[in-house]
Amino acid sequence: MATRLVEVQKLKKWFPIKGVVFSTTVASVKAVDEVSFFINQGETLGLVGESGSGKTTAGRTMLKLLQPTGGKIIYKGEDITKLTPNQMRPLRRNMQIMFQDPYGSLNPRMPVGDIIQEPLDVHGIGTRKERRQAVATMMETVGLRPEYERRYPHEFSGGQRQRIGVARALVINPELLVLDEPISALDVSIQSQIINLLQELQQRLNLTYLFIAHDLAVVRHMSDRVAVMYLGKIVETAENDELFDHPLHPYTQALLSAVPVPDPEVKRERIILQGDIPSPVNPPSGCHFRTRCPYAMPICKEQEPLAIEVAPGHTVACHLLTKK
Amino acid sequence: MAEKAIEAKKKGQKKSSEDYTYVGMVFHRLTRHKLAMVGAFMLILILLFVFVGPLVWRADPNAQIEGIEGLFNVPSSAHPMGTDDYGRDVLARMFFGGRISLFIGFISAITSTIVGAVVGLAAGYYGGWADNILMRFTDAMLSIPTFPLLIALASVIGKGVGQIILVIVVFGWMVDARLVRGLTLSLKEQEYVEAARAIGASANRIMWRHLFPNTLAVLIVSTTIGIGGAIIYEASISFLGFGVQAPFASWGNMLQNAQQFIWNSPRLIIYPGLAIFMTVLGFNFFGDGLRDAIDPKLKL
């Protein structure tokens, strides 16, 4: 039985919208609204959803880079929801994040050697010499030449910059790594390099990943389990193959039908969703997906569907399944 | 300043190719900026005058010629700029007065930039009530009429170079604070700042290692223009009699000294006045050019 490394329960992150008068909160963007999931030691949980579904916010709130509005974050059995930034600092050694934007995530005024070394400096690990050595080793590990350590980020390509991002995240040996769309800003040819690097490192260093992406093919390739998010909520969670072979939630089905199949002979039913993702400020009542759902029923408007376990490890939040 | 800035940047070039390209780009754009080149030329002239001049013309700026015939001499080969009301060599006083004025200008402009950067970084990074308190304090400082307070301050803390610098800094950091706060507000949303928080970096570290270096380009420009302003300030303070004290010369107190002889010996007021004018204009032209040169959106 795998041990749970991290678990979030009914996690909420609402961003207040301030009014003009007296900065009163007039409304909230419900970016993450009562999301629950867990990640076992050494596995990869894929978190997918379209733009604006709140997957990035969920990842950052889980690391407490954003203060959660409600819910619980449990790391190795310890509730870290209420910890202050100072109390979080020692824990940050164990949980790291890699960012989507290879241009914005590296300080343009710092040589890459210093960027990679900074986590060691912050946590006071090793002597100066050992740190430099660790940086050189790490650069080699991620496929960068250690001689480049005095160069600045803008001298590297997008793929190389993502390698720098990986090196910075891994140099202090974390257990958990949040990959926030690590490849969506890269060329397809570079994407596979980074994916392979991440997989190789996961095996070698026994890492646990939260893999946030919207590219379903890559998620399938990378993940052990997959959670699908829509408008701040997780609509379906299942083992990788189970989810891709037997998607149950209408949103998951629509998402999967959009994945191209590399065989021109295969004819598929494409489910094309109407309209845009609704505003998270004022989400639809009941089921958030009902405005675009091809199977919407009266009950969907009135009641929010609860997540039910339809098979071991496969939970779905949809009234179509609750009825049975 | 002109060649010092360039020199400092040339040193940077050796350190890394990043500086080379960025600074090289800025330098190249600067050379194409006509006004900046005029400013640089004026500053080079002033610096040569102040630092090389005394090596060529070796006269004691404080030595007085005894007797009535030594006072108010018109320019001659013995005294190229004549002598003043005490029979002192004006050219020598221009050299040494210029050194003091430039020294005060540099030190107080740099110090007020640093103070402004600290306030601006703290206000911008922490936000909320810290931002409110610091920025309202800045606004309050900006709305104080400087000169009456300055005279009061001078009578309390005394007169001298250190005191002038202190006074200029106390009344000069606000603009930089606003500038840095604005920059910090936009920079702190960058992902590399979030990355720094993710590795557990302290607020201090984020401010000084990540935010401050990225405001440096703008601050260099602001300091350059600030030097000109500080020199004017020094002249004004000295003109009111609270600045550099006799017998030591500064361009400001030379002006002050000369005002009573403005009809008899107008040259005594023209020399230091012209020197201040040239220096401040030079710094302003050069600073403007520098601002245009670091702005990549501007075509030069």
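Quick note, the sequences are listed as chains Z and A, same order.
For the first sequence, position 159 matches number 158 in numbering that gives the first Met the number 0, and the numbering has no gaps at all.
For the second sequence, position 72 matches number 71 in numbering that gives the first Met the number 0, and the numbering has no gaps at all.
We put the CB at the ideal spot given by N, CA and C, even for glycine.
Buried or exposed: where does residue i fall if 16 or more other Cβ atoms within 10 Å of its Cβ makes it buried?
{"i": "Val19(Z)", "result": "exposed"}
{"i": "Phe146(A)", "result": "exposed"}
{"i": "Ser222(Z)", "result": "buried"}
{"i": "His153(Z)", "result": "exposed"}
{"i": "Gly123(Z)", "result": "exposed"}
{"i": "Val265(Z)", "result": "exposed"}
{"i": "Thr83(Z)", "result": "exposed"}
{"i": "Thr290(Z)", "result": "buried"}
{"i": "Ala1(Z)", "result": "exposed"}
{"i": "Ala248(A)", "result": "buried"}
{"i": "Leu10(Z)", "result": "buried"}
{"i": "Pro311(Z)", "result": "exposed"}
{"i": "Leu143(Z)", "result": "buried"}
{"i": "Tyr294(Z)", "result": "exposed"}
{"i": "Gly164(Z)", "result": "buried"}
{"i": "Pro246(Z)", "result": "buried"}
{"i": "Pro101(Z)", "result": "buried"}
{"i": "His27(A)", "result": "exposed"}
{"i": "Asn213(A)", "result": "buried"}
{"i": "Arg177(A)", "result": "buried"}
{"i": "Phe288(Z)", "result": "buried"}
Mapping DSSP to helix, strand and coil, what is residue i?
{"i": "Asn39(Z)", "result": "strand"}
{"i": "Asp18(A)", "result": "Here Asp18(A) scores only 46 on pLDDT, less than 50, and its place in the model should not be relied on; the value that follows carries that caveat. Note: Asp18(A) maps to helix in three-state DSSP."}
{"i": "Leu105(Z)", "result": "coil"}
{"i": "Gln159(Z)", "result": "helix"}
{"i": "Ala30(Z)", "result": "strand"}
{"i": "Pro246(Z)", "result": "coil"}
{"i": "His325(Z)", "result": "Because residue 325(Z) is not part of the residues shown, which for chain Z are 0 to 323, the question remains open."}
{"i": "Val280(Z)", "result": "coil"}
{"i": "Gly11(A)", "result": "Unreliable positioning characterises Gly11(A) in this predicted model, as indicated by a pLDDT of 46, which lies under 50. The coordinate reading is nonetheless provided below. If DSSP states are grouped into helix, strand and coil, Gly11(A) belongs with the helices."}
{"i": "Val47(Z)", "result": "strand"}
{"i": "Val73(A)", "result": "coil"}
{"i": "Gln273(Z)", "result": "coil"}
{"i": "Leu143(Z)", "result": "coil"}
{"i": "Leu82(Z)", "result": "coil"}
{"i": "Thr126(Z)", "result": "coil"}
{"i": "Arg57(A)", "result": "coil"}
{"i": "Pro259(Z)", "result": "coil"}
{"i": "Glu303(Z)", "result": "coil"}
{"i": "Lys154(A)", "result": "Note on identity: in this sequence residue 154(A) is Ser, with Lys being the wrong assignment. Three-state DSSP puts Ser154(A) in a helix."}
{"i": "Ile89(Z)", "result": "Inspection of the sequence shows that residue 89(Z) is occupied by Pro rather than by Ile. Pro89(Z): helix per DSSP, three-state reduction."}
{"i": "Ser183(Z)", "result": "coil"}
{"i": "Met137(Z)", "result": "helix"}
{"i": "Arg150(Z)", "result": "coil"}
{"i": "Tyr125(A)", "result": "helix"}
{"i": "Pro325(Z)", "result": "With chain Z running from 0 to 323 in the structure shown, residue 325(Z) is simply not present."}
{"i": "Asp113(Z)", "result": "helix"}
{"i": "Gln132(Z)", "result": "helix"}
{"i": "Glu241(Z)", "result": "helix"}
{"i": "Asn283(A)", "result": "helix"}
{"i": "Phe136(A)", "result": "helix"}
Start and end of the beta strand (DSSP E) containing residue i?
{"i": "Lys33(A)", "result": "From DSSP, Lys33(A) is part of no beta strand (DSSP E) but of the alpha helix (DSSP H) over 33-46."}
{"i": "Ile143(A)", "result": "First-last for Ile143(A): undefined, no H or E at that position."}
{"i": "Ala237(Z)", "result": "232-238"}
{"i": "Thr2(Z)", "result": "Looking at the DSSP string, Thr2(Z) is not in any beta strand (DSSP E), and its letter there is neither H nor E."}
{"i": "Ala310(Z)", "result": "307-310"}
{"i": "Val315(Z)", "result": "313-315"}
For residue i, which residues does DSSP report across the bridge?
{"i": "Gln95(Z)", "result": "Leu176(Z)"}
{"i": "Phe241(A)", "result": "Note: Phe241(A) sits in no beta bridge, so no partner."}
{"i": "Leu10(Z)", "result": "Val34(Z)"}
{"i": "Asp120(Z)", "result": "Answer is none; Asp120(Z) lacks a bridge partner."}
{"i": "Pro15(Z)", "result": "Ser27(Z)"}
{"i": "Asp88(A)", "result": "Thr82(A)"}
If you follow the alpha helix (DSSP H) that residue i is in, where does it begin and where does it stop?
{"i": "Leu254(Z)", "result": "249-256"}
{"i": "His318(Z)", "result": "318-321"}
{"i": "Leu178(A)", "result": "173-186"}
{"i": "Val49(A)", "result": "It is not in any alpha helix (DSSP H) - Val49(A) carries neither H nor E in the DSSP assignment."}
{"i": "Ile164(A)", "result": "160-169"}
Comparing the CB of residue i with every heavy atom of the ligand HEM, is any distance shorter than 8 Å?
{"i": "Val177(Z)", "result": "Looking for the ligand HEM in the displayed structure turns up nothing, as the structure carries no ligands at all."}
*What alpha helix (DSSP H) runs, 4 residues minimum, are completely inside the segment 50-80 of chain Z?*
Whole alpha helix (DSSP H) segments, 4+ residues: 54-61.
*Note down, one range per segment and in chain order, each beta strand (DSSP E) of at least 3 residues found wholly within the segment 186-229 of chain Z.*
Within the segment 186-229 of chain Z, the complete beta strand (DSSP E) runs of at least 3 residues are 207-212, 224-229.
*Jot down the residue ranges of each uninterrupted alpha helix (DSSP H) in the segment 193-278 of chain A, minimum 4 residues, whole runs only, in chain order.*
Listed in chain order, the complete alpha helix (DSSP H) runs (minimum 4 residues) inside the segment 193-278 of chain A are 211-238, 250-257.
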